[in-house]
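First comes the structure, then the notes that go with it.
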Amino acid sequence: MASSYKDEDGHISVKKPENTAFKQQRLPAWQPVLTAGTVLPAFFIIGLIFIPIGIGLYVTSNNIKEFEIDYTGLDPSSPCFNCSQNFSWNSTKPCTCSIPFYLEQPYESNVFMYYGLSNFYQNHRRYVKSRDDSQLNGNEESLRKPSKECEPYARHDNRPIAPCGAIANSMFNDTLELFYSDPNGTKTQIPLTATGIAWWTDKHVKFRNPGGNNDNLTAAFQGTTKPINWRRPAYELDSDPENNGFINEDFIVWMRTAALPTFRKLYRIIQRRNTMVPTLPRGNYTLEVVYNYPVRSFDGRKRMIFSTISWMGGKNPFLGIAYITVGSVCFLLGVILLFIHHKYDNRNNNPDISSN
Amino acid sequence: MRKRPTLPTLNAKEDMESGFTWEVRANSRHYQKQKQKKSFLCFRWGRYSDNVVRSHKYSPLTFLPLTLFEQFQRAANLYFLLMMVLQCIPAISSIPWYITIIPLLTVLTVRGLKDLVTDMARRRSDSEINSRPCDVLISQSFSAKQWKDLCVGDVLRIHKDQVIPADVLLLCSSEPHSLCYVETADIDGETNLKYRQALNTTHDELTSQPSEEALRAFDGVVLCEEPNNRLYNFRGQLHWRGETFILDNEHVLLRGTVLRNTTFAYGLTIYAGADTKILRNCGKLRVKRTQLERVFNKVVIGIVLSVLLIALFLAIGCGVFSSQVIRQREVLSAVAVFGTPAYTGFLIYWGYIILLSPAMPIALYITFEVIHTIHSKFIGWDLEMYWQQADAPAQARNTSLSEELGQVGYLLSDKTGTLTQNRLLFRQCCIAGEIYGDASVIAEEVKPMDLSWNPFSCGGLYMSAPSLLERLRGQQCPISRQFFTALALCHTVMAQWKEDSPVYQATSPDEEALVGAARELGWVFLSRTRDFIVVSELGVSHQYQLLALVDFTSKRRCMSVLVREPDGGIKLYCKGADTVILERLQKDCPNQERTERALELFAEACLRTLCVAVRSVPEALWEQWSKTLTQAAAMATSERDIVLEKLYDEMERELLLLGVTAIEDRLQEGVPETIALLKQAGIKVWVLTGDKKETAVNIGYSCRLLDPETRLLDWQELRQILQSPDPQVSFAKAGCTELWAENKTISRAKTSVVLTGSELAEFDQRPEWGSSFMSLAEQCQSVLCCRVTPSQKAEIVTLVRKYTSSITMSIGDGANDVNMIKTAHVGVGLAGVEGGQAVQNADFAVSQFRFLQRLLLVHGRWSYSRISLFLCYFLFKTCGFALVHIWFAFFNGFSTQSLYETWFIALYTVLYSASPIMCIAIFEQDVSAESSLKSPELFKCGLKPKLSIHVKLVLHLLYAVYMSLVLFFIPFGVFYNTAYDFQTMAVTVSMAATFTVTIEILMLTKYWTKFNIAAVIVSVIMFFICTRITHSSRLFEKSPVDYYFIGASDNAFANPVVWLTAFLTTWTAFLPSFTVHALNVILSVHDKHKVHSSSSQPVELRSRFRRGTSLRRSSYAISQGAGPGRLINSATSIRRKELSQDQKVTTSNTITDIKL
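As given, the protein sequences belong to chains S and W, one line each in that order.
Going by the numbering used here, the first sequence opens with residue 1, and the numbers climb by one from there.
Going by the numbering used here, the second sequence opens with residue 1, and the numbers climb by one from there.
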């Protein structure tokens, strides 16, 4: 508050407002005045930026090699037809099928191998919620008492399920193996790297095995039971202790739910061994599938995808096209506005000039 | 107790017939107390109110339930409460409960505290009023009590300068004839005194003995009308000692008036508390809500309804989905289906209501309130509206109406004290064709004359005319001497002696100014008795015998005194309106032409003029005239009036014109400039006054409300138009009524309507005239309403509100304006001289009328544009962000899955997008204050915007829908069938949403202060910081369930596709808005340029206003109607009549010295 003082005329001014720029609303301000001269070029500039970006993206995306096999086996001629027909989660005998294919171009750099599912609502709210992050983080208490969110996949046979919940229960469990058929007929298995496919934060922070660094996972999971649909318990997912239990990368990748009902997930990486030889040379290959995962019931599709990657990740023509489209629209709008501006100006300038 | 006369019961039947059903028995507390109004909880009984004012709402016990009840009457609060309850139900909760409850509790607490504080203030002012002292007669003697102890039937003693606590029947007073004077400033705004007189009966009986005993014994019964709000009417009877006396308004002292010049007055309480006329006139306190808020509420309801509808569709979708699709999915069906699809759909319905509820967030209401408060603060902080003399800044008492100021279409103003200072100054005169003084010089700057020779001079004359003084003192000019003799004699002023100098008490401020001017110049009115007037002329005392006094009436428009001069001659001095006087002059009156020219000059300068004339009356004529007068006095009323009129007419003839006085009714500073500016801004200014028509019109001219060539339409003409078969059509065709056609051909806008209160009353009987009157008034320059009561003022406001869609604003300074201030959309109180009643009830308080220009054109305009920007943008950003879930629903099985992290939903409206729009709503200035005042036309945008706010809001909602589509489908295209997970997509969409609303605000902000820049930068940075924090591993380890987005942003921000997608989405979402902006710039580049370039020129508002050639001649005005001439005269005409009627008046009562 202003203090009490007397001004020159001897009036007492207790309530006189302070003469500050803020209170008098006279804050110094920058008042940019938009004119046709500043607005119209913006359209062209944005258009000129977007179109090259779009072209760049499109070209980059086109340079990425991608190969996709749908091995769902809906077609009776398909090798996996039998497996897809007689199938249930609990069948004990694994069904295998092998799909031969021919790769027309050699894949030079590292090749990423994905599995893709369609029509699978991994983003359904009830499904997404059906997990216990505490349990997955290695919390002992949650291991014994899974969260309610996991229901009805929290307990089985009166024992807590580890990992609990619908996501874990529905984990993708096909095994894909790749064989290269030499022109001379020998079949060599192509080594697939199963690690390095999950986010670092997931592998090292978000997912932790119970019992800390305890090597004996079996003991740590004592008293729990495997998810109903699983063939093996969590502690038998892999022989490598760094890739076993909750920190199994296949498991982690599955647990990172997809945004949309058609999605891919990274399955394996085919490392380039030799700079002289392409990672996947041109030729005949066989994809050996241990067909476990049922998709027929919901009209789903299963795919296997090879892809090289660039700086922008996998193949993505949409982004480039979208950039080109928006850039062109922008440019077009600029032209239309310029035209309007020109017409309006001609109509209005004459009286304006005479009035000045 | 004495046995009561049986009279009341006997007359009961008659009373019922006359409609007098209100019975008050004097000095019988027991009887009256029984009937007092009482209440317990919601039950009330009894008839007579006690004298306690209760304007507070809460008691400690009722505060919490009442305030909660009131707050939940707001649909929005109830809606948020529902949201909160829903979020607490686990089965349907799609976002955590704390997102709504914290803001809701804040809102409720802040509102509740605010209400509590205002109620405490009201309670304090109530108890201050209730504990005012008054003397009540209780068992034999008067004892000091408080106002609240008073009850109907009590006898009171009121001291000089005390406020009268209730409506009281005057029984007697300490003054002769039981006269008493009251000041009614708080009731009708007039500061001059009014007199009231007790019945002769009570006066005689109660003053003859020691008063307390007599009063104690007084056992009269008053029968009168039920309490009503008619201030100038009272009908009743007093039954006492077996006789019945008629009571009227002159016998009643109203609550709120102040007793003046009377040592004591004794009265009987008739109406107390809520029954009193002034409180009946107060009108109901209504909660004011702005038009914009109403529109906005409609839109909000629209949004809520559409959310409910969309949720319903999505729920149906879910039902279908779960019955068709989920069943086949083993995993999903296990988790997602509870019972039947219908039940699932039902749960999903509520889930979607919650998920979509951020479209209409509670933060909006908090922010809205904060912005209103800051706008109000700005009004209080404005130095340009601070009045140094009174140390009074402007004040926004109602903090939620600021944007309404920018849309005011009708300004209804009080006159006295608002437009004028209620100070009348003698500025010029014309004597014998010679003009003295110069009104073009501002009063304060007039060089004072040397009046030291005059012992009675005490200042107050703002006229410089040394030549006049010379003539007067040099005894050269008999006409000028006679002129001032006339001024000193012809009036109804009373002189009261205080320390050797007379103090004048006038019922009309004009007369006071005239007599005062005469005093300054040496003609000092010293005292008055019934028969004599003593005047000191340049130091020599003369005694004039007062033969007759013919008072002002509004019909006669002149007044005369007939005196016998000390030398024996009889003279008639007359003053009055020029039209009246000029036609009564003798033939070939000298100087007439020059005087008429002077009249024109005075009229141009908007001075009030009176002509002064004299006539020498032959002795014979006087004798004959007085004889006829005596005869006439004995006649019956109706006949007598005609005869009297004729008699007066006979006497006021053959006048010799002495000169003209010119009085300035001082306007408040800057009034004409302000009114001119407001008119340019398209605001209709109406004047509502309790004053007389002539005065109002005169002020209308002088404050530039009426142009000299304005045609004044009076009631007769207006009625013709209104009665024409189809006024609407006839205006449109401009030919139906001859009168109107004529007007129209001249100039439609140059017409003004002048009405008086009694004429307005006809509207009550003809409600169908209302709309046609308003359509006529809309085409008029202005409307002046004179002689209107406070409740009529409010009725006019209601009329305007009813028949136009415009915002009305009332401005006034007195208690008589309270009703209209409360009724209008916006009420402004002038914190001036007349009490604080108006300010107490007003929404805004300013000290000077001229501050209105800044209040309306600057603050109002800014506030309106800021708040409309704010509302549009706020809805856009919240809807655009929340509606994304609709599109996402189609790809996640209608499962209420959120596309965002819950923390983003919580922080988006609070942190990431709130501060830039707050800055706009606080700092935005499309045009500077100077330019706003310079080009008042800009204000019209608020009155008739190109796009109404409805359309604007709807367009922004459509834009929001577009934004949500883009926000979802571009990332959808990018992420479809890729290895990107849900969390990456969530981060991308959140980023795009934040960028879009930020870039939109960049476009909207036209006035970049450092705060705007900081706000924009901080919100974007906050998005990144908070996202990183909520996605950090530390928080995840604390609570894995709440912070499960760990690492999502680290990975997303490192990914170029995420950035490219976000940029593309942002630009695509922004493109339509940018195009519209560009189109606006291209199409309006020239108008804008004009406004900006003109802002450099200085504003010249102080130029003194001069009127051009005037078509009107007379500016005659005097502020009052019939003065107390009747009293002074009572010895002559009227008293005789009373004598004949009321024989009980003791003829011995010759003390007619009513010197006060």
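For every residue, glycine included, the Cβ atom is placed at its ideal position computed from N, Cα and C.
Using a Cβ cut-off of 9 angstroms, pull out every chain W residue sitting near residue i, in sequence order please.
| i | result |
| --- | --- |
| V205/S | S1033, F1036, E1037, I1046, G1047 |
When you compare only the Cα positions, how much space is there between residue i and residue j?
| i | j | result |
| --- | --- | --- |
| T279/S | S310/S | 15 angstroms |
| T109/W | K377/W | 21 angstroms |
| L217/S | Y79/W | 52 angstroms |
| F246/S | F995/W | 37 angstroms |
| A513/W | L585/W | 25 angstroms |
| I1082/W | P41/S | 13 angstroms |
| I675/W | L705/W | 7 angstroms |
| E384/W | Q848/W | 11 angstroms |
| F22/S | R666/W | 36 angstroms |
| F876/W | E403/W | 20 angstroms |
| Q592/W | R471/W | 20 angstroms |
| G112/W | L907/W | 26 angstroms |
| S294/S | K302/S | Ser is not the amino acid found at residue 294/S; the sequence shown has Pro there. Roughly 9 angstroms separates the two Cα atoms. |
| L883/W | I53/S | 30 angstroms |
| I999/W | Y114/S | 38 angstroms |
By a C-beta neighbour count over all protein chains shown, 10 Å radius and 16 as the cutoff for buried, is residue i buried or exposed?
| i | result |
| --- | --- |
| M820/W | buried |
| A359/W | buried |
| Q85/S | exposed |
| R1106/W | Residue placement at R1106/W is poorly supported in this model, since its pLDDT is 37, which falls under 50; the coordinates still yield a value, given next. Exposed. |
| G351/W | buried |
| F890/W | exposed |
| C150/S | buried |
| I642/W | exposed |
| S1049/W | buried |
Find the residues of chain S that neighbour residue i, judging by a C-beta separation of less than 8 angstroms, and give them in chain order.
| i | result |
| --- | --- |
| L1079/W | L337, I340 |
| I371/W | What I371/W touches in chain S: nothing, since even the nearest Cβ is about 14 angstroms away. |
Cβ atoms of residue j and residue i: under 7 angstroms apart, would you say?
| i | j | result |
| --- | --- | --- |
| L253/W | V182/W | yes |
| C318/W | F894/W | yes |
| Y864/W | Q505/W | no |
| D843/W | A258/S | no |
| T60/S | M312/S | yes |
| A831/W | V818/W | no |
| W715/W | E778/W | no |
| C180/W | A265/W | yes |
Give me the chain S residues within the contact set of residue i, using Cβ-Cβ distance strictly less than 7 angstroms, ordered along the chain.
| i | result |
| --- | --- |
| M985/W | A259 |
| P448/W | Neighbours of P448/W on chain S: none; closest Cβ ~20 angstroms, over 7 angstroms. |
| F982/W | N123, T257, A258, A259 |
In chain S, which residues lie less than 9 angstroms from residue i when you measure between Cβ atoms?
| i | result |
| --- | --- |
| V1041/W | D132, D133, S134, S147, E149 |
| V974/W | N316, F318, L319, A322 |
| S895/W | Y121, N123, H124, R125, R126, Y127, V128 |
Pull the bridge partners of residue i from the DSSP assignment, please.
| i | result |
| --- | --- |
| C430/W | I435/W, V660/W |
| H1031/W | In DSSP, H1031/W forms no bridge with anything. |
| F101/S | Y285/S |
For residue i, which residues in chain W fall below 8 angstroms Cβ to Cβ?
| i | result |
| --- | --- |
| V174/S | Contrary to the premise, residue 174/S reads as Asp rather than Val in this sequence. The contacting residues do not exist; D174/S stays about 16 angstroms from chain W at best. |
Give me the chain W residues within the contact set of residue i, using Cβ-Cβ distance strictly less than 7 angstroms, ordered along the chain.
| i | result |
| --- | --- |
| D202/S | G1047 |
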